[in-house]
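In case it helps, mature numbering (1 follows the signal peptide of the UniProt record, and there is no 0) puts the sequence shown at residues -19 to -1, 1 to 386.
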Amino acid sequence: MRFSSHAALGLLAASITNALPAPQDDTPPTISPSADDLETLAQLSQHAQEVTNSSLSTGKRQLGSCTLRNLSVRREWGTLSNPERKAYTDAVLCLQKKQSKTPSSLIPGAKSRFDDWIGTHINQTTTIHYTGTFLAWHRYFTWEYEQALRNECGYKGTQPYWDWSKTAKTGHEKSPIFDGSEFSMSGNGELDDNKGDIMLGGQGLPEFPIPAGNGGGCVTSGPFKSMSVNLGPVQLSLPGGKTESNGDGLAYNPRCLKRDLTNEVNRRFANATSVVRNILLPKDVYDFQMTMQGYPGTNDIGIHGGGHFTIGGDPGRDLFTSPGDPIFYLHHSMIDRVWWMWQSLDVKKRTSAEGIAGTGTFMNQPPSPDTTLDTEINLGFAAGSPKTMRDLMSTTAGPFCYIYI
Ligand SMILES: [Cu+2]
């Protein structure tokens, strides 16, 4: 089912009540997109929390050692106190100062522990986007990053997330996440006059433009104003339809972090309605993850692309090198939160084999075997031992034990 306008969503909302099921019930709830999608989103989050709490208290779906006692809670950036925000960015800066674990023969440009994650993402980009592993891979990747902040840099908190539906409303300049204060994730880049649209699509698909933002240059405020981006770019989109590449992106190429915060992209692709529709309308994981990444050829980049292209800049507009901007992990926590909320509407099915669709290659090019529960995910030198998809399907079974509020 597809809805073409906000009015249609409102009509639908009027005809169906927003009743939440009892937490023990496995029946999918009837929540529908409504005129007030921020409220619907809050209800979906509440529902996912209740489903998780009830499964942990009854222990009926327990596979690992996760209990209500050791459950960790990931929070939205704006709900953290200033000291909590500072503790997080301090830990990221610490990771950027630690020695890389990747042998320089493999990724010569990886200088810091922070770079280990970027290098792994660059190396695997074509086998973790538009694949069956997309959601689980990024869940594991973000989780290991959170673990490194905790275990290697003394961070006591959890991985925060960026709720795009909030910045879609407020704009970035006034948001606690991008206001450029010492308690933010740093602000916009300096104004770069050399503007023009960003061209997406291509490679056999129709091209379509999305607007550039009101920055574009080096980030000059907040905790990351002096950080060095060491790897990439591989396939960086620039204003005016240009692209930039430094080959395989693995060479040492130190430069400033650039951002081009783009409210229009945030509002168009990652507002509360887009999030709610992405959770409520897809009935299978194929549709869910394609809606999220954008069906190629539709001029819709989904909430995943929406977040990335809202950040803009370098490496924000490079699919390969995007973890080089520390905001990546707040963006992907929100992606993971959306998956968690979607999974909570039919836990059994959506955390099992039925919750996986796709193969091991980008849009199955070149063709490769289907992803299954036994498919292995390996994060290289970034972190951890390889895990199977089976381990990664739930945030509270297997190795993970966290929830979002
Ligand atoms: Cu990615």
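Heads up, the beta-carbon is just placed ideally off N, CA and C, and yes, glycines get one too. The structure displayed is predicted, hence computed values, not measured ones.
Beta-carbon gap between residue i and residue j smaller than 8 angstroms
| i | j | result |
| --- | --- | --- |
| residue 373 | residue 386 | no |
| residue 325 | residue 32 | yes |
| residue 193 | residue 293 | yes |
| residue 369 | residue 113 | no |
| residue 290 | residue 246 | yes |
| residue 166 | residue 284 | no |
| residue 83 | residue 360 | no |
| residue 269 | residue 277 | no |
| residue 231 | residue 89 | yes |
| residue 110 | residue 362 | no |
Contact test: residue i Cβ vs ligand 1 heavy atom, cutoff 7 angstroms
| i | result |
| --- | --- |
| residue 358 | no |
| residue 110 | yes |
| residue 314 | no |
| residue 102 | yes |
| residue 119 | yes |
| residue 303 | yes |
Enclosing beta strand (DSSP E) for residue i [first to last residue]
| i | result |
| --- | --- |
| residue 383 | 383 to 385 |
| residue 200 | 197 to 200 |
| residue 219 | 217 to 219 |
| residue 390 | For the chain, the structure presents residues -19 to 386; residue 390 sits outside this window and is missing. |
Simplified DSSP state of residue i, which is helix, strand or coil
| i | result |
| --- | --- |
| residue 263 | coil |
| residue 332 | coil |
| residue 421 | No information on residue 421 is available, as it lies outside the stretch -19 to 386 that the chain covers here. |
| residue 3 | For residue 3, the predicted structure reports a pLDDT of 35, less than 50, and the residue's modelled location is therefore unreliable. A value from the coordinates is still provided. Coil, per DSSP. |
| residue 187 | strand |
| residue 454 | With the chain covering only -19 through 386, there is no way to say anything about residue 454. |
| residue 134 | helix |
| residue 33 | helix |
| residue 258 | helix |
| residue -3 | Its pLDDT being 27, under 50, residue -3 is placed unreliably in this model, and the value from its coordinates should be taken loosely. Residue -3: coil per DSSP, three-state reduction. |
| residue 25 | helix |
| residue 223 | strand |
Residue range of the unbroken alpha helix (DSSP H) whose run includes residue i
| i | result |
| --- | --- |
| residue 290 | 283 to 292 |
| residue 101 | 94 to 105 |
| residue 67 | 63 to 78 |
| residue 326 | Looking at the DSSP string, residue 326 is not in any alpha helix (DSSP H), and its letter there is neither H nor E. |
| residue 245 | 244 to 250 |
| residue 373 | 370 to 373 |
| residue 146 | 145 to 151 |
Worksheet item: Taking one C-beta from the region 94 to 111 and one from the region 328 to 336 each time, how about it: are there three or more such pairs within less than 8 angstroms?
Response: no
Practice prompt. Specify whether the region 139 to 152 and the region 302 to 317 touch according to this definition: at least 3 beta carbon pairs, one from each stretch, less than 8 angstroms apart.
Written response: yes
Practice prompt. Could you tell me whether the region 164 to 184 touches the region 344 to 361, using the rule of 3 or more Cβ pairs below 8 angstroms?
Written response: no
Worksheet item: Is the region 152 to 171 close to the region 58 to 78, with three or more CB pairs under 8 angstroms?
Response: yes
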